[in-house]
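Taking it in order: structure first as structure tokens, then the write-up.
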Amino acid sequence: MVAPRRAPDAPDAWGVAAQLYSLRSEGSQGIGDLGDLGALLRWAAPAGAGAVLLSPLHAPSPVLPQQDSPYYPSSRLWWNPLHLRVPGLPEDASGSLIDRNHVWRMKRSALQSWFISSAVGDSWGRWVEAQGEPLRLYSVWCALAERYGNNWREWPEEFRRPDSPAVTDFDREDFDVQFHSWCQWLVSRQLTGAKRSAPDVHLIGDLAVGFDASGADAWRYQDQLALDWRVGAPPDMFTPDGQDWGLPPFNPIALRSQRFQPFVETVRAALRGFAGLRIDHVMGLFRLWWVPPGASPRDGAYVQQPSDVLVGILRLEAHRAGAFLVGEDLGTVGEGVRDTLQASGILGTKVAWFEQDPPTRWPRQCLATLTTHDLPTVAAVWQGRDGDRAMADRLTSLTHAPAGSLAEDVALSMHHLLARSPALLRLATLEDLCASVERPNVPGTVVEHPNWCRRLPVRIEDLDRRPLVRASTQAFREARRD
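Per this note's numbering, the very first residue in the sequence shown carries number 20; after that it's consecutive.
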């Protein structure tokens, strides 16, 4: 294929990494939504931030129970309507945990009433027509899932393939199909509205590794998938048993036979509405750890991917969208991967817990951060509530903080170091800015921790009332003046 040699350049900016679902502001409705995103952007711009990285906006199934993890979607092609701000619903910005099932019941009912009573006009129809087959099939899948259950492999036989005559007949003038298309149009409008709150702040999306084998994308791409296999990670020092992510991998041979159209559609969709895109587990473009049916991750093996084509598609679609690219290259990285990413203009990722050098000595072509959604916060490590001794020792060596120092002071010292990093993108997590001891996700746990369900301990409107937030943002603003 022919593609530009490098992706568009990333800006030189500091900013914040935010879990969208966790945001709280005036008017919140039980979960972080696009109204809260607008509030975050309106806070970020005058604070001097130039970038905001969001957790994935991918669509879950519309069927209860709702999936908590944004990294285990039904579809990576479409957005999560749970993040819509719905007029007329009561404010619910209290509470520390999110009940997605309750919120979706409430919003689903209100959205349907809104759809029935609204005069949507020509703009909706034109938008739906422009989205074409991908939106039609996604909306059909949602309507079928609400009737027959979440797993398309257990549906009536005539609906198990998206190209069946029964699916075509079902699509015609079906109310629920139109409703789900309308919800996607609403997300598009609200996302655009949120970005208008701060047009100079670069909004960065996040592309998950894969999707649920029972979901909309698997139904659509079933002929290109190894449906009974799962993607994961090999054993390492952090996870001696390896990892099973429960995601079906694309068959590289079948993908090539389709001229990589599923991957093109996925990347194009992930870039829609964003100035930049983070690719989770970017090493998966080079090789993926496949776990056999009925086996453990220890029994898996690497399957090589057509990385030259996949990375080329990323560069090409990034240019078409005018967006920069960031690769999450943490963990076991194959030989030559980082060289290829650097040559392609795709930023790598540096995390304080994994680096021997301080942030002030990290490379320029990277996204620099102190932690991630899967790792402990600075406050939790300093207080001995999360992480290990090596992490605590690292904080001491970097900040020279004496024992007994306040977690807020240690976090501020770390933000000073991050602010002075030469990295192009320097992102503080909202959890670290709030000195939270709770991280969004603890890998390998299901019921032990409320993963992906924690709300930020402070409303966006109250961020600047916190001394740590004010001092940290000042450190970031002043660092580039030196």
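For every residue, glycine included, the Cβ atom is placed at its ideal position computed from N, Cα and C.
Thinking just about the alpha-carbon of each residue, which of the options is nearest to the one in residue i?
i      : options                           : result
Ser88  : Arg104, His434 and Leu266         : Leu266
Gly341 : Met302, Leu290 and Gln323         : Leu290
Ala37  : Ala371, Gly350, Gln493 and Asp225 : Asp225
Gly350 : Arg339, Asn170 and His300         : His300
Arg478 : Asp318, Tyr40 and Ala409          : Tyr40
Leu444 : Val35, Ala58, Asn169 and Arg24    : Val35
Trp309 : Thr418, Ala362, Ala320 and Leu482 : Ala320
Ser491 : Ala22, Ala66 and Asp182           : Ala66
Gly353 : Val328, Val322 and Arg334         : Val322
Glu427 : Ser416, Ala399 and Asp407         : Ala399
Glu480 : Leu436, Glu45 and Leu222          : Glu45
Trp33  : Met302, His221, Leu344 and Ser137 : His221
Ala227 : Ser136, Leu96, Pro153 and Met256  : Leu96
Glu165 : Gln85, Leu103 and His338          : Gln85
Met125 : Trp98, Gly151 and Pro81           : Pro81
Assuming residue i and residue j make a contact with CB atoms under 8 Å, what is their CB distance in whole Å?
i      : j      : result
Ser74  : Trp146 : Incorrect: roughly 25 Å between the Cβ atoms, too far for contact.
Phe269 : Pro281 : 7 Å
Ile251 : Gln262 : First, the residue type needs correcting, since residue 251 is Gly and not Ile in the sequence shown. Their Cβ separation, rounded to whole angstroms, is 5 Å, which keeps Gly251 and Gln262 in contact under 8 Å.
Ala442 : Cys385 : 5 Å
Thr464 : Thr388 : At roughly 22 Å, the Cβ-Cβ gap does not stay under 8 Å, so Thr464 and Thr388 are not in contact.
Leu446 : Ala70  : 7 Å
Ala64  : Tyr157 : About 33 Å separates the two Cβ atoms, so there is no contact after all.
Ala438 : Ala494 : 5 Å
Pro23  : Arg334 : 5 Å
Ala430 : Leu487 : 6 Å
Ser115 : Arg484 : Not quite, the Cβ-Cβ distance comes to about 19 Å (not below 8 Å), so this is no contact.
Gly295 : Leu344 : 7 Å
Any idea what DSSP makes of residue i, helix, strand or coil?
i      : result
Arg404 : coil
Gln150 : helix
Gln321 : Per the sequence shown, the amino acid found at residue 321 is Tyr instead of Gln. Strand.
Trp174 : coil
Gln86  : coil
Asp348 : coil
Thr492 : helix
Val35  : strand
Phe343 : strand
Arg334 : helix
Gly212 : helix
Gly140 : helix
Arg445 : strand
Ala29  : coil
Ala252 : strand
Leu431 : helix
Phe503 : There is no way to answer for residue 503, as the model of the chain reaches only from 20 to 501.
Trp471 : coil
Asp451 : helix
Asp483 : helix
Asp182 : coil
Asp188 : helix
Asp263 : strand
Note down the Cα distance separating residue i from residue j, rounded to an integer number of angstroms.
i      : j      : result
Glu347 : Thr368 : 6 Å
Glu336 : Val283 : 8 Å
Arg278 : Ser142 : 32 Å
Glu467 : Ser440 : 36 Å
Phe305 : Gln324 : 5 Å
Gly57  : Arg317 : 44 Å
Thr370 : Thr390 : The question names Thr, yet the displayed sequence has Val at residue 370. Distance between the alpha carbons of Val370 and Thr390: 6 Å.
Ala232 : Leu246 : 7 Å
Arg458 : Gly423 : 22 Å
Gly403 : Pro377 : 21 Å
Val286 : His199 : 22 Å
Gln48  : Asn120 : 13 Å
Pro4   : Pro476 : Examination of residue 4 is not possible in this model, given that the chain is present from 20 through 501 alone.
Trp506 : Asp193 : For the chain, the structure presents residues 20 to 501; residue 506 sits outside this window and is missing.
Gly54  : Leu205 : 12 Å
His77  : Tyr91  : 9 Å
Cys202 : Leu130 : 8 Å
Ala26  : Phe230 : 25 Å
Pro462 : Asp393 : 6 Å
Phe373 : Trp238 : 38 Å
Ala409 : Thr415 : 10 Å
Asp28  : Gly355 : 21 Å
Tyr167 : Thr211 : 34 Å
Asp407 : Arg380 : 24 Å
Say the cut is 6 Å; is the CB of residue i nearer than that to a heavy atom of the ligand PLP?
i      : result
His221 : Within the structure as shown, the ligand PLP is missing, as the structure has no ligands at all.
Can you confirm whether residue i, when its beta carbon is compared against all beta carbons of chain D, has any partner nearer than 7 Å?
i     : result
Asp87 : The chain labelled as chain D is not found in the depicted structure, where only one protein chain is given.
Next item on the list: Write down every uninterrupted run of the beta strand (DSSP E) in the region 39-123 whose length is 3 residues or greater and which is fully enclosed by it, in chain order.
Entry: Taking 3 residues as the shortest admissible run, the region 39-123 contains the following complete beta strand (DSSP E) segments, listed from N- to C-terminal end: 70-73 and 94-98.
Next item on the list: List in chain order: all unbroken alpha helix (DSSP H) runs of 4+ residues lying wholly within the region 353-425.
Entry: If only uninterrupted alpha helix (DSSP H) runs of at least 4 residues are considered, those enclosed by the region 353-425 are 356-362, 397-401 and 408-418.
Notebook entry, point to check: Taking only runs of the beta strand (DSSP E) that begin and end inside the region 273-314, which ones reach a length of at least 3 residues, in chain order?
Noted result: With a minimum length of 3 residues, the continuous beta strand (DSSP E) runs that stay inside the region 273-314 are 295-298 and 306-310.
Notebook entry, point to check: Can you list, in chain order, the stretches of the alpha helix (DSSP H) that have 4 or more residues and sit fully within the region 190-249?
Noted result: You should have 194-215 and 235-239.
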